Amino acid sequence: MNSRKLRLPEIIDILTHQSISSQEDLSKQLAIRGHIITQATLSRDLKLLKANKISDEQGVYRYVIGETELYMHEHTRTKTPYGSSRHTSVLSLRITGNLVVIKTRNGYASGLAYDIDTLESDLILGTIPGADTVFVAVREGTSRVDIFNLFNSFLPANVMNKARSFLMKD
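See the structure below:
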C-alpha cells in the first residue's frame with residue numbers, strides 16, 4: 003500500500019484537515035493510515051505537492067499544500083467548464099500600470115505564481131510570489147481588458163467581478 007498514487011491523496015487530506023508542523027508528525031499520521039515510508043520519500047512527496055511550511059495566525063508553523071495541477075483538492079480549487087482550474091484561494095486582484103497584484107490566502111501565492119508562469123502568455127513577463135501576494139509584471143502597453151480576460155479564465159468569479167468594478171473605475 004506504499005504506492006504514491008494512493009499516498010498523495012492521504013497526504014493532502016492530512017495536511018488539509020490537521021495542523022502538521024513536521025515531517026515526523028506527518029509520517030506518523032501516514033503510518034496510522036497504512037503508509038510506512040522513509041523520510042526521503044516523504045520529502046519527495048511534499049516537494050511534488052508543492053507543500054510549504056507557513057506561519058499561521060498564532061505564529062505556529064504548519065505544512066500547507068500548494069496549488070498543483072497533478073493533485074488538486076476540492077477545498078482549494080474547483081473545475082471550470084473548460085477543464086481548467088480556478089484558484090479559490092485568491093482573495094483579490096488589482097491592476098496598476100503594468101503590474102497586477104493578486105492577494106491570496108496565506109501560503110498559496112507560490113502555487114498561484116507557478117500556475118501563472120506556466121500559462122506561457124506573451125502578456126506576462128514574470129511573477130514574484132510572497133506568502134499571500136503575487137506580483138505579476140505584464141508587457142508594457144497591455145490593456146487592462148486583456149489582463150482581465152487572461153485572469154478571468156482561472157480566478158474565482160467573485161474576485162473577477164470585483165476586479166471588473168475596479169477596472170471600470172481606474
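In the numbering used here, the protein residues as written are 3 to 172. Beta carbons: idealized from backbone N, C-alpha and C, even for Gly. Since the structure is predicted, the reported quantities are computational estimates derived from the model, not experimental observations.
query	result
Contacts around residue 108, its chain only, beta-carbon distance under 7 Å, and the 5 residues preceding and following it disregarded	56, 133, 134
Neighbourhood of residue 125 by C-beta, 8 Å cutoff - its chain only, sequence neighbours within 5 removed	140, 141, 144, 148, 149, 152
Buried versus exposed call for residue 98 [16 or more other C-beta atoms within 10 Å across all chains shown]	exposed
Cβ shell of residue 53 (< 6 Å), same chain only, five flanking positions each side left out	65, 67
Within 9 Å, strictly: CB atoms of residue 45 and residue 25	yes
Endpoints, the beta strand (DSSP E) within which residue 129 is located	126-131
Cβ-based neighbour list, residue 157, same chain, cut-off 7 Å, excluding 5 preceding and 5 following	88, 89, 92, 95
Span of the alpha helix (DSSP H), counted from its first residue to its last, around residue 135	Taken as a continuous stretch (DSSP letters only), residue 135 belongs to no alpha helix (DSSP H), being part of the beta strand (DSSP E) at 135-140.
Cβ pair residue 28, residue 48 closer than 9 Å	yes
Complete alpha helix (DSSP H) runs within the segment 7-47 (minimum length 4 residues, chain order)	25-34
Supposed close pair residue 10, residue 51 - CB separation, criterion 8 Å	7 Å
Proximity of residue 161 and residue 102 at Cβ, strictly below 9 Å	no
Beta carbon of residue 112 nearer than 9 Å to that of residue 63	no
Same chain only: Cβ atoms within 6 Å of residue 35, ignoring 5 sequence neighbours per side	12
Where residue 121 falls: helix, strand or coil (DSSP)	coil
Limits of the beta strand (DSSP E) - the one that residue 56 falls within	54-57
Environment of residue 114 [buried if 16+ CB atoms lie within 10 Å]	buried
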